[in-house]
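Below is one structure, written out as structure tokens, with a few remarks after it.
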Amino acid sequence: MVNGQKVNDYAISNDMVGFNQLLDDLKQVTNPQIIFEATGVYSRRLQAFLDMHELRYVMMNPLEAKRKTKDDLHQNKTDKLDA
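Now the structure itself:
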């Protein structure tokens with residue numbers, strides 16, 4: 000996110016190779032905002048890695064993330080955009 004706006008999706012492999020790639024990419028960004036879904040055993044590895052490197056993050060419930068995405072889509076809709 001940049002200035003509170005989502006810039007793009009980011010996908011990595013759920014292993015040390017992917018986590019180190021993320022760490023390298025985060026070094027290029029000032030004040031990164033890391034947001035990911037809580038997916039049980041799959042997200043725990045990432046959470047531990049981020050904690051180990053003292054990186055701040057938001058972990059969302061997948062249902063809440065889906066609802067938030069839908070809310071954002073509806074919030075941005077206008078008659079002019081729909082036309």
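Position one of the sequence shown corresponds to residue 0 (numbering that gives the first Met the number 0), numbered consecutively onward.
All residues carry an ideal CB built from backbone N, CA and C; glycine is no exception.
Report buried or exposed for residue i, applying the criterion of at least 16 other Cβ atoms within 10 angstroms of its Cβ.
| i | result |
| --- | --- |
| residue 21 | buried |
| residue 45 | buried |
| residue 25 | exposed |
| residue 62 | exposed |
What's the C-alpha gap between residue i and residue j?
| i | j | result |
| --- | --- | --- |
| residue 54 | residue 66 | 26 Å |
| residue 57 | residue 64 | 11 Å |
Within the same chain, show all residues whose beta-carbon is closer than 7 Å to that of residue i, passing over the 5 residues directly before and after it, in chain order.
| i | result |
| --- | --- |
| residue 42 | 35, 36, 58 |
Is there a Cβ of chain B sitting closer than 8 Å to that of residue i, yes or no?
| i | result |
| --- | --- |
| residue 65 | Checking the listed chains, one finds no chain B in this structure; it contains a single protein chain. |
Please list, in chain order, all residues of the same chain as residue i whose beta carbon is under 8 Å from its beta carbon, the five residues on each side excluded.
| i | result |
| --- | --- |
| residue 60 | 36, 37 |
What residue ranges within the stretch 2-48 form continuous beta strand (DSSP E) runs of no fewer than 3 residues, ordered along the chain? Whole beta strand (DSSP E) segments, 3+ residues: 33-36.
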